[in-house]
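Just so you know, the working numbering puts 128 at position 125 of the sequence shown, and the rest follows in order with no gaps.
No residue lacks a Cβ here, since even glycine has one placed at the ideal position from N, Cα and C.
Note that the structure is predicted; figures quoted are calculated from it, not measured.
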Amino acid sequence: MTHIDHDGVPLPQRYGAILTIVLSVSIAVLDGAIAKVALPTIARELHASPAASIWVVNAYQLAIIVSLLSFASLGDIYGYRRVYQCGLAVFSLMSLLCALSDSLWMLIGARVLQGLGAAAVMSINGALIRIIYPQRILGRGMAINTLMVAVSTAAGPTVAAGVLSVASWQWLFAINVPIGLFALWLGHRFLPGNPQKNNGQRADECLDLRPAAFRPKRFRPAGQRPLDRHRAVSGHRGGRPVRPPPAAPALASAAGGPAAYPAVFPVHVYVYLLF
């Protein structure tokens with residue numbers, strides 16, 4: 004593992020790194036689509052009602068949506084490569100647990116943990132593409148990533164029907180294990196490392212899932228009126244100057260400094276595809 008700058012990684016390593024991302028994103032997206040086709044079979048063999056079996060799909064999707072942004076922030080703290088590899092390992096291990104499940108609730112629990120692993124993969128792959136590709140061909144890497152998400156989503160029902168025609172539903176999850184392990188090995192060998200960019204933020208802040216109602220500092224107390232226009236324009240509050248907000252990343256980049264790139268590559272794409 005080598006740390007790289009904004010010029011990307013050399014070509015032999017770049018091919019292995021993008022292959023890692025293609026494989027991991029494909030199985031993470033496919034797993035959200037193939038389970039829908041297998042729901043009648045799963046419900047019949049596990050003796051579950053249709054209303055209960057739908058949670059095989061819901062558990063995976065909800066786990067991804069809830070934790071997607073949190074894992075992106077953890078990537079800023081601990082490094083993209085580390086979070087990506089951990090998520091891929093959890094996804095592969097939980098895929099095996101899904102295949103070995105003998106009850107509906109065991110399968111749903113494994114799907115929740117599998118969704119957490121998939122969220123770690125999906126939230127970091129865009130940032131990894133940013134440091135894998137040079138700036139002049141960054142659009143090519145983003146296009147490959149988006150293409151694989153779209154193809155995997157479209158191919159999910161076909162792949163599931165093909166597997167179910169020759170094997171049981173357990174193989175829909177078991178097939179992820181060798182692919183995930185191979186991608187894990189590729190990532191260990193080819194994925195570049197990056198310096199930690201957000202050392203001041205704590206991990207518990209990234210994983211804070213409390214409702215907004217329990218965060219009083221985010222809102223004005225009842226009866227407190229906002230700053231009037233004069234104070235907002237003059238930059239003073241109660242006789243004290245207000246600290247100006249930090250400059251935007253684009254301004255920093257224009258001034259010659261390093262630009263900050265988001266860890267999340269487009270989140271709305273994944274939310275749209277999941278639903």
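- In this chain, serine 104 is not harboured by any alpha helix (DSSP H), its DSSP state being neither H nor E.
- The three-state reading of DSSP puts glycine 196 in strand, counting E and B together.
- By alpha-carbon distance to serine 126, the top candidate from Cys89, Gln16, Gly112 is Cys89.
- Take the alpha-carbon of leucine 99 and the one of valine 12: they are about 33 angstroms apart.
- Tryptophan 172 sits in coil when the DSSP states are folded into three classes, being neither helix nor strand.
- Contact annotation: threonine 156 and alanine 31 have beta-carbon atoms that are not nearer than 8 angstroms.
- At least 8 angstroms separates the beta-carbon of valine 25 from that of isoleucine 45.
- Cβ atoms of glycine 129 and asparagine 148 come within 8 angstroms of each other, at about 7 angstroms.
- Under the three-state reduction of DSSP, serine 126 is assigned to helix.
- Taking C-beta atoms as the reference points, alanine 123 and methionine 97 fail to come closer than 8 angstroms.
- The Cβ atoms of glycine 183 and leucine 91 lie closer than 8 angstroms to each other.
- Under the 10 Å beta carbon count, isoleucine 140 is surrounded by fewer than 16 other beta carbons and is classified as exposed.
- Counting the other Cβ atoms within 10 Å of the Cβ of threonine 23 gives 16 or more, which makes it buried.
- Contact annotation, leucine 194 with leucine 150: C-beta distance approximately 20 angstroms; criterion of less than 8 angstroms not satisfied.
- For proline 15, the enclosing alpha helix (DSSP H) starts and ends at 14-48.
- Here glutamine 64 is not near phenylalanine 94, since their CB atoms are 8 angstroms or more apart.
- Around the beta carbon of alanine 55, a 10 Å sphere encloses fewer than 16 other beta carbons of the protein chains shown; the residue is thus reported as exposed.
- Secondary structure note for serine 56: its alpha helix (DSSP H) is the uninterrupted segment 53-56.
- With contacts defined as CB atoms closer than 8 angstroms, alanine 164 and valine 40 qualify as a contacting pair.
- Here serine 70 is buried: its Cβ has 16 or more other Cβ atoms, across all protein chains shown, within 10 Å.
- Sorting Tyr18, Asp10, Leu14 by C-alpha distance to the C-alpha of alanine 186 places Tyr18 at the top.
- Around the C-beta of serine 168, fewer than 16 other C-beta atoms lie within 10 Å, and the residue is accordingly described as exposed.
- Under the three-state reduction of DSSP, isoleucine 178 is assigned to coil, being neither helix nor strand.
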